[in-house]
Amino acid sequence: MARASGLTILSKLTKLAALIVVAGVLAAGFLVPYIGGMGLAAKAGADKFLNTTCNLTEEPLQLRTTIYAKDGKTKIATLFDQNRSVVKLTQIPKYVTDALIGTEDRRFYQHHGVDVRGLIRGALHTSSGNTQGASTLTEQYVKQVNYYNAVSAGDKAAAQAAVDQNIDRKISDAQCALDLEKKNTKRQILEKYLNIAFFGENSYGIQTAAQTFFGVDVSKLTIAQSALLVGLVRSPTDYDPYLDLAAAKARRDLVIANMADQKYITAAQAATAKAAPIKLAKLSLPARGCAYANPAIINVGFFCDYAVNWLESTGGLSEAKLNRGGLQITTTLDPDLQNSGQRAIASSGLDPKSAYLLAMPSVTPNTGAVTTMITDKKYGVKKGDPAYTVNPLFTAAYAGSGSTYKYFTALAALKAGVPASYSLTTNNNSWKVKNCPQDYTAHNAGNYNSTLPLSQALPESSNTYFVAMEDQLFGCDISPIVNTATGLGMNYLKSSPQLGTDGKPTGKTVAQSAIADRRPTFTLGQESTPVLELTGAFAALANDGVFCPPTPIVSITDLSGKAVPFKHIGCSRQFDSYVARTLVNIMTADTHGGGTAQGYFGNWYGNGGSLVAAKTGTNNAASCTGTPPNQVCSDNGQNSALWFVGITPNFVSAAALVNPVQPSLAIANVPGVTAGNDGTDRFGAFGATFWLDAFGAKLISQPWQWPTVDSTPGNRLQPVTGMDVTTAEANLTAQGYKSTVLKTPCGSNVPEGNVAFFSPAIAVPGATISLCVSTGKAPEVFVPPSKTPSKTPGSSTPASNGNPNPNPRPSRTKPPR
């Protein structure tokens, strides 16, 4: 054993001698008594050392990212892997650097990165009773950089190698220390050291350490506080004052003694510092991530999660970039509106413990900025308490949104050139499709006029009219309707797999399947719908036909203020201004002209409120027997999901009252529901109460006017209806327009192949005019029976939904049921 031990020491000394030869510090034969005849071995080691290049890479430090509200000042949350905030050396008290040098490297200003005395002391294990280590601060910094890089890369082996106590590692560190000191001043090395160092308790860098242990900015540290923090560098766990106050104090006092010994402070100052009690800040887990989002902004955790996920999935930023990049992210969130809306909903009577939840985001139409995410649920996790959740309530698809999808059908028709006066005659309670492959009959939940124009059918939400429009106008080719929806950001339709009756994916998306199946129920909104996507789709109407995808981000900069690029899907025109203004004019009737939500807007208009465009949606509840794949469900005459979308020129919000676990279960535990809590007396229009509660006070103070149809930019076209395509195109060219023929023809009494409709009717010169050619088949007229049919609420299948019209127009003295 003695022989082996002697050989080990000999090997260490040989390598050490090689290092010292290279460092040029073999002055005055300092090591001759110890090295003796090892000159040749030392020379060989030195040659090897000289032929080795330092490969140290100083990667950017991991820094905290801060997320702000739209004002750029109100903090939402902080993201980090390492809780660090970088500071300049000028911000750090001299007490800190004095304590560090006096304890860790007293000859810091005399050496050039490597201190011979320290190396010998460490190699020969003669440091008993001496508080200085064997490595210089520069070498310690090298070690920390290597360890930091390895941890950042997730390389455990490299991380261990960076801190292994062996001469090979020390030689490598010393080599890089010499190189560093050629490229950096002593002050630069001190600044880098104090910012990279780990002080324990999730604190990286001296600034975070000062805030964690004492609750102060680094610039406010006292002598005693500086000494305690410097003492932690050697062993953050052993000297952690939260774990062992006595050990921390002893270490602190030793650092203070070192400062006095080196004349950095006087004996009196040292005595005062040692007598100072250790007053620690209250220790808490660092506020990392959306789980610790600013409690002053109610439920902001939902928005925070959405913003972070959006940055990764759409913005193109990696998780590492977000958690380590020191980014300053300004979001679109309006904290005042979020808080006022949340407070209003908290007093609405909704029970957050209920199986039902309200999700109500809002969007600014001309930018897509998501300004609020309001819900009755509470953000967080509390075992056994259903009031709390961290689920993505606003971006997940829980249930169908019912008759809100009639918006897409109306848009597709108007884009084809159908006028607002376009009328269809149906039995007011049922319509059996003629051109669809399914044997399907649509029903209304109330009595309607047999013949309705589009301008009345949409606000009154006639199921039979819109199924007949799919059937008669488009011949049950619903691709224009589906494509209109996906073009307006209804991404769930084109990304979600269509499930078969066995519950397994069919190989098609929902959108592909709906088009292939020529599904007449699409207009009734059976497809599961994320409420934020629906809000964004309706916002295009307020923006004159330009769709701006919902976004939570305004800007991103680094700590120097330099802009950080991120991906962003830009705005795009999806339909022209004429169509937009025509449809707005129709949809304002939903709240003001006999539509389904009119009964809830009496006070609004009575107090001088401006015109709100809107659409309601109700999903039918279903009763099911058996289990999948043999489960059989049928409409039970009750209601499940309730939806309302309110639209103003500068603000759009959709309110969804849904059951995320059992979306077809009849509504219960909702304010005002009677009739045995089965939801038969609550329809989509009920969602308007939450919309008005949350946003009404602010919106009514900001009056607006909708642009009229006649004010659409451009000239009114000379009609080309009835012309053959060639003649129509030539006519449009002569008027100064381009033209395109739509793929899906339109049902019309115009001769087959000739132009049935064109759109828009008003356009600027050079615009492209869409031509819908006729199938030659005029929409069939359904002749109602001589007697008024009995009222049939709901439909014959769970796929037939809509909002009720309990009273024939215009007698509407009560809210729709």
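Each number in our numbering comes from the position in the sequence shown (counting from 1) with 2 added on. We put the beta carbon where it would ideally sit given N, CA and C, even for glycine.
query: Burial state of Lys158 (16 or more Cβ within 10 Å); result: exposed
query: Assigned exposure category for Ser405 - 16 Cβ within 10 Å defines buried; result: buried
query: Within 9 Å, strictly: CB atoms of Ile649 and Leu543; result: yes
query: Residue nearest to Ala270 in terms of C-alpha spacing, selected from Thr80, Ala259, Gln330; result: Ala259
query: Beta-carbon gap between Gly538 and Pro554 smaller than 9 Å; result: no
query: Cα-Cα separation, Thr55 to Leu196; result: 26 Å
query: Cβ-based burial, Pro279 [other Cβ within 10 Å; buried from 16]; result: exposed
query: When Pro767, Ala736, Ile764, Val775 are compared against Ser750, the one with the closest alpha-carbon; result: Val775
query: Bounding residues of the beta strand (DSSP E) (the contiguous stretch that carries Tyr70); result: 67–70
query: Distance CB(Tyr206)-CB(Asn85) smaller than 9 Å; result: yes
query: Gln167 versus Gly233 - alpha carbon distance; result: 20 Å
query: Tyr336 classed as buried or exposed, judged by whether at least 16 other C-beta atoms fall within 10 angstroms; result: The sequence given here has Asp at residue 336, not Tyr. Its Cβ being crowded by 16 or more others within 10 Å, Asp336 is buried.
query: Beta-bridge partners of Cys822, as assigned by DSSP; result: Residue coverage of the chain in this structure runs from 3 to 819, which leaves residue 822 outside it and unanswerable.
query: DSSP three-state assignment for Ser405, whether helix, strand or coil; result: helix
query: Bounding residues of the beta strand (DSSP E) (the contiguous stretch that carries Val484); result: No beta strand (DSSP E) contains Val484, which is instead part of the alpha helix (DSSP H) from 481–489.
query: Given Asn545 as reference, the closest of Ile571, Gly563, Gln576 once Cα atoms are compared; result: Gln576
query: DSSP state of Pro532 mapped onto helix, strand, coil; result: strand
query: Pro363 - containing beta strand (DSSP E), residue span; result: 359–366
query: Length of the line joining the Cα atoms of Thr379 and Thr369; result: It should be pointed out that residue 379 corresponds to Lys in this sequence rather than to Thr. Cα to Cα, Lys379 sits roughly 28 Å from Thr369.
query: Beta-carbon spacing of Pro662, Leu360 below 9 Å; result: no
query: Beta-carbon spacing of Thr770, Lys740 below 9 Å; result: yes
query: Nonlocal neighbours in the same chain, by C-beta distance under 7 Å from Ala152, ignoring five residues either side; result: Ala160, Ala161, Ala164
query: Cβ-Cβ separation, Leu773 to Val2 (assumed contact under 8 Å), whole Å; result: With the chain covering only 3 through 819, there is no way to say anything about residue 2.
query: Through-space distance from Ser349 to Ile69, alpha-carbon basis; result: 29 Å
query: Pick from Trp708, Gln440, Leu91, Asn431 that is closest to Pro651, judged by C-alpha positions; result: Trp708
query: Rounded distance between the beta-carbons of Leu456 and Tyr407, thought under 8 Å; result: Wrong, their Cβ atoms sit about 15 Å apart, outside the cutoff.
query: Nearest-angstrom Cα separation, counted from Ser515 out to Lys417; result: 23 Å
query: Reduced DSSP category for Lys251 - H, G, I as helix; E, B as strand; rest coil; result: helix
query: Every unbroken beta strand (DSSP E) within the stretch 446–513, with a cutoff of 3 residues, ordered by chain; result: 453–455, 499–501, 507–511
query: Alpha-carbon spacing of Glu1 relative to Glu472, whole angstroms; result: Residue 1 falls outside the range modelled here, since the chain spans only 3 to 819, and no answer is possible.
query: Residues sharing a beta bridge with Asn622, DSSP; result: Asn641
query: Cross-strand partners of Arg583 (DSSP beta bridge); result: None, per the DSSP bridge assignment.
query: Whole-Å CB distance - Arg520 paired with Cys438, under 8 Å assumed; result: 5 Å
query: Every unbroken beta strand (DSSP E) inside the stretch 165–201 [3 residues or more]; result: none
query: Proximal residues to Lys188 (C-beta, below 8 Å), its chain only, five neighbours per side dropped; result: Phe110, Tyr111
query: Residue from Leu182, Ala399, Pro673, Val118 with nearest C-alpha to Lys145; result: Leu182
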